[in-house]
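Just so it is clear: in the sequence shown, position 130 is 130 by UniProt numbering, and no numbers are missing.
The beta carbon of each residue, even a glycine, is placed where N, CA and C say it ideally should be.
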Amino acid sequence: MAEANFSIIVEFTLLGFSDLPNLQGFLFGLFLIIYTGILLGNGLIIVITKTEPTLQTPMYFFLRNFSFLEICYTSVILPRILVNLWTQKRTISFLGCAIQLFFILILGVTECFLLSVMAYDRYVAICKPLYYTLIMNRKMCVWLVIGSWILGIPILIGLTYQIFSLSFCSSNKLEHIFCDIPPLLKLACGDISLEVYSIYVDAGIFGMFPFFFIFGSYVKIIATILKLPSAKGRSKAFLTCSSHLIVVTLYFVSAFVSYLMPKSSHSSATEIVFSLFYTILTPMFNPLIYSLRNKDFILAMRKLLPKCIGLVST
């Protein structure tokens with residue numbers, strides 16, 4: 001079956017947005033603006049948190065890595081969407097689809113772990129402030145980031161190979177805008193219960209475990225904040241955590257709906273909408289959420305922007 005699959009399917013056709021022929025130009029312009037905004041916004045976070053001395057803390061170190069991850073995440077998806085909309089050629093090779101899915105899975109898992117690391121950083125800062133510099137030292141921060149990037153690679157290589165070893169019944173039309181697990185499984189024929197079981201196991205390990213870790217961290221964080229005697233201190237602590245909580249909610253809710261909800265309960269259009277949330281809209285909102293709700297970042301941006309404008313003018 002696997003050999004027949006490789007000999008028959010040489011490319012896939014991405015049907016997402018193909019039923020909107022009159023909106024192709026508008027969608028191209030919209031996604032181009034979104035992609036440019038993601039690159040500029042997250043790039044600005046990277047530059048400011050790297051160059052501003054007052055932002056050389058673990059929280060901004062993790063934020064810088066998170067912004068870099070968001071750029072990588074969208075760069076795996078959006079350029080292909082833009083090319084498809086511009087050329088009206090919606091095909092992607094079998095190997096190209098496998099590579100795209102692999103990087104989407106790796107970057108998605110890395111995002112889950114990085115969000116967990118950022119929650120742990122806030123937990124230590126608020127619940128164990130006296131030990132913060134001891135626990136969250138430079139070496140620990142670097143290893144937490146490295147672990148977030150590489151931890152899921154071996155298992156996700158196996159999962160990607162497992163999915164693309166299926167027989168797709170000679171159909172190559174994916175009702176989606178990029179190569180993702182749910183639309184690929186819709187094309188598969190025969191018994192795919194093992195693959196579905198593997199997906200749920202991996203989702204539990206790489207999705208639910210980080211989610212419950214974040215949830216447990218914030219239960220302890222909120223309990224500690226409520227014990228603070230100063231109203232101003234409680235407000236500052238809540239404000240520090242609120243940005244991260246907004247990003248966590250946007251990402252995990254949309255990802256869980258896309259991967260774990262029964263497929264009979266929503267259409268292909270609904271799948272596309274929710275996949276846009278966790279792959280594109282979250283990276284787009286990330287700079288706004290973190291910058292507009294962070295006074296230190298706003299002050300650093302006000303200091304840096306005049307310097308940049310001066311360099312451009314000279």
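Secondary structure of residue 371, DSSP reduced to three states: Outside the shown range of the chain, which is 1 to 314, sits residue 371, and nothing can be said about it.
Taking residue 319 as the reference, give the member of 28, 62, 18 with the closest Cα. Residue 319 cannot be examined here, being either before or after the span of the chain that is shown, 1 to 314.
Per DSSP, residue 174 forms a beta bridge with which residues? Here residue 174 corresponds to residue number 174 of the sequence shown, with the count starting at 1. DSSP lists 14 as partners of residue 174.
Residue 92 - containing beta strand (DSSP E), residue span: As a working note, residue 92 is residue 92 in the sequence shown. From DSSP, the beta strand (DSSP E) with residue 92 extends over 91–93.
Does the separation of the CB atoms of residue 177 and residue 272 fall below 7 Å? Translated into the one-based positions of the sequence shown, residue 177 becomes position 177. Translated into the one-based positions of the sequence shown, residue 272 becomes position 272. In contact: residue 177 and residue 272 (Cβ atoms closer than 7 Å).
Distance, Cα to Cα, residue 84 vs residue 286? On the sequence shown, position 84 is the one that residue 84 refers to. On the sequence shown, position 286 is the one that residue 286 refers to. Rounded to the nearest angstrom, the two C-alpha atoms are 26 Å apart.
Taking residue 45 as part of the alpha helix (DSSP H), name the residues at either end of that continuous run. Start at 1 with the first residue of the sequence shown, and residue 45 comes out as number 45. Start and end: 24–51.
Just to confirm the assignment, what range does the alpha helix (DSSP H) spanning residue 268 have? Sequence index remark: in the sequence shown, residue 268 carries index 268 (1-based). Its alpha helix (DSSP H) spans residues 268–276.
Beta-carbon proximity check, residue 217 vs residue 119, cutoff 7 Å: Locating residue 217 in the sequence shown gives position 217, counting from the first residue. Locating residue 119 in the sequence shown gives position 119, counting from the first residue. Their beta carbons are under 7 Å apart, which means residue 217 touches residue 119 by this criterion.
By how many angstroms is the C-alpha of residue 127 removed from the C-alpha of residue 236? Locating residue 236 in the sequence shown gives position 236, where the first residue counts as 1. Locating residue 127 in the sequence shown gives position 127, where the first residue counts as 1. As the crow flies, the alpha-carbon of residue 236 is around 14 Å from that of residue 127.
Does the Cβ of residue 95 lie closer than 6 Å to at least one heavy atom of the ligand HEM? You won't find the ligand HEM in this model; it holds no ligand whatsoever.
Sequence ranges, beta strand (DSSP E) only - wholly within the segment 55–130, length at least 3: 91–93, all fully within the segment 55–130.
Under DSSP, the alpha helix (DSSP H) around residue 156 begins and ends at which residues? As a position in the sequence shown, residue 156 is number 156, starting the count at 1. Here the alpha helix (DSSP H) through residue 156 covers 153–164.
Please name the residue, chosen from 173, 101, 238, that lies closest to residue 157 on a Cα-to-Cα basis. In the sequence shown, counting from the first residue as 1, residue 157 sits at position 157. The shortest Cα separation from residue 157 among 173, 101, 238 belongs to 101.
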